[in-house]
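Asker:
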Amino acid sequence: MIPICDPACDCLIHNYLMVYLHVYLLYGMQPLLALVARNCSYLTFVEIVMTEFALDPMKVAVSLKYILKEDLPPIRIKNDNNVLSYVLLKDMEHEPAKYPIIVDVAEVEIDNTSITVPVNAHSSGEMFTLQDMASDICEASNEKKVTFVTLKS
5 MIPICDPACD
15 CLIHNYLMVY
25 LHVYLLYGMQ
35 PLLALVARNC
45 SYLTFVEIVM
55 TEFALDPMKV
65 AVSLKYILKE
75 DLPPIRIKND
85 NNVLSYVLLK
95 DMEHEPAKYP
105 IIVDVAEVEI
115 DNTSITVPVN
125 AHSSGEMFTL
135 QDMASDICEA
145 SNEKKVTFVT
155 LKS
């Protein structure tokens, strides 16, 4: 690949290409090409997908996956590490339509009886133990202060 300009330069085009990459999104039969930052987090990635397809996060949940090879099962993107793996893969393959993100959507039903969860974790120094967090979750559940989300198929 021939560089557009000297890598040491500070031009706008060079910086733009170093920061973003094209990601091909496919929701049903609706395709989109989105720009995604190379340092994108999972939550930001999901927000981009929701925005691009005008999906309401109060009504639907999305799941993201891509196919690395036809004879392998799809790879789900579930966290920041999965997004980073995908970004590194896309960095090696510059064809925008290669490794499209397949967007699956499920309707959600949100119980809005209460949306606050008290956080009273007792810390051991600066660290919270799993037992402290589990105790707080059980306590909040007993006080009925937990929001439950149910996925509809």
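Everything in the sequence shown is counted per this note's numbering, starting at 5 for the first residue and increasing by one. We put the CB at the ideal spot given by N, CA and C, even for glycine.
Measuring alpha carbon to alpha carbon, tell me which residue in L25, L30, E113 is nearest I106.
Answerer: Locating residue 106 in the sequence shown gives position 102, counting from the first residue. Closest option to I106, Cα to Cα, is L30.
Asker: Between the Cα of V23 and the Cα atoms of K69, G32, C44, which residue gives the shortest distance?
Answerer: The count along the sequence shown starts at 1 and reaches residue 23 at position 19. Closest by alpha carbon: C44.
Asker: With three or more beta-carbon pairs closer than 8 Å as the criterion, would you say the region 39-57 touches the region 77-86?
Answerer: Yes, since at least three Cβ pairs between the region 39-57 and the region 77-86 fall closer than 8 Å, the two stretches touch.
Asker: Helix, strand or coil for M131? Go by DSSP, reduced to three states.
Answerer: In the sequence shown, residue 131 corresponds to position 127, counting from 1. In this predicted model, M131 has a pLDDT of only 47, less than 50, meaning its place in the structure is not dependable; the value taken from the coordinates is given anyway. Note: M131 maps to strand in three-state DSSP.
Asker: Should L37 be labelled buried (16 or more other beta-carbon atoms within 10 Å of its own) or exposed?
Answerer: Taking the sequence shown and counting its residues from 1, the one referred to as residue 37 is at position 33. With fewer than 16 other Cβ atoms within 10 Å, it is exposed.
Asker: Is it true that the CB of P78 sits closer than 9 Å to the CB of V27?
Answerer: As a working mapping, residue 27 is identified with position 23 in the sequence shown. As a working mapping, residue 78 is identified with position 74 in the sequence shown. No.
Asker: Tell me whether K82, by its Cβ, gets closer than 8 Å to a heavy atom of the ligand GDP.
Answerer: This structure lacks the ligand GDP; in fact it carries no ligand of any kind.
Asker: Spatial neighbours of K69 within its chain, please: CB distance less than 8 Å, with the 5 preceding and 5 following residues excluded, ordered by chain position.
Answerer: Residue 69 sits at position 65 when you count from the first residue of the sequence shown. Hits under 8 Å: P78, I79, R80, I81, I105, I106, D108.
Asker: Grab me the residues of Q34's own chain with a C-beta within less than 8 Å of its C-beta, minus the 5 sequence neighbours each way, in chain order.
Answerer: Mapped onto the sequence shown, residue 34 falls at position 30. Once the five neighbours on either side are set aside, the close Cβ partners of Q34 are F57.
Asker: Helix, strand or coil for L93, going by three-state DSSP, please let me know.
Answerer: Numbered from 1 along the sequence shown, position 89 holds the residue referred to as residue 93. Three-state DSSP puts L93 in a helix.
Asker: Using a Cβ-Cβ cutoff of less than 6 Å, which residues in the same chain neighbour S127 once the five nearest sequence positions on both sides are dropped?
Answerer: Position 123 of the sequence shown, counting from 1, holds the residue named residue 127. Because S127 carries a pLDDT of 43, less than 50, the predicted location of this residue cannot be relied on, and the following value inherits that uncertainty. None.
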